[in-house]
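Each residue of the sequence shown is one higher than the one before, counting from 17 in my numbering. Just so it is clear, CB atoms sit at the ideal spot from N, CA and C, and this is done for glycine as well. Inspection log for the structure reproduced underneath, given as structure tokens.
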Amino acid sequence: MANNLFITYDLIKTKDYAAVHAAIKTLGNWAKATESNWYVNSVYSVENAAKIVKAAMDNDDRLIVVDATNNNAYWYNLPDEVAARIRAEWPR
């Protein structure tokens, strides 16, 4: 079953957009919604998709992948207060 993923990133220092875009495109059928937000119809789980994209990023870059099909999210390097707020507000 395919998952509807929304991928948003923030490249902090080195901005290798081409590598990040290439990684996103490997996940499945895609559409670039805004400059740093993509929709992907993918067989990958939210966690696996995030790991694939993160591998193309620097260690300090921020990433969040939301699975709209299964109501799940996975992220890297969000500020602690943002991550806590998402966890507190996300429907269980």
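Check whether residue i and residue j have beta carbons under 8 Å apart
i          : j           : result
residue 56 : residue 40  : yes
residue 73 : residue 98  : no
residue 79 : residue 100 : no
residue 18 : residue 59  : yes
residue 22 : residue 71  : no
residue 24 : residue 61  : no
According to DSSP, residues forming a beta bridge with residue i
i          : result
residue 78 : 26
residue 20 : 57
Cα-Cα separation, residue i to residue j
i           : j          : result
residue 86  : residue 29 : 32 Å
residue 63  : residue 38 : 18 Å
residue 92  : residue 77 : 8 Å
residue 103 : residue 50 : 25 Å
residue 34  : residue 26 : 14 Å
residue 106 : residue 54 : 21 Å
residue 20  : residue 95 : 25 Å
Task: Start-end ranges of the beta strand (DSSP E) lying completely within the stretch 30-89, minimum 3 residues - done: 44-50, 53-58 and 78-83
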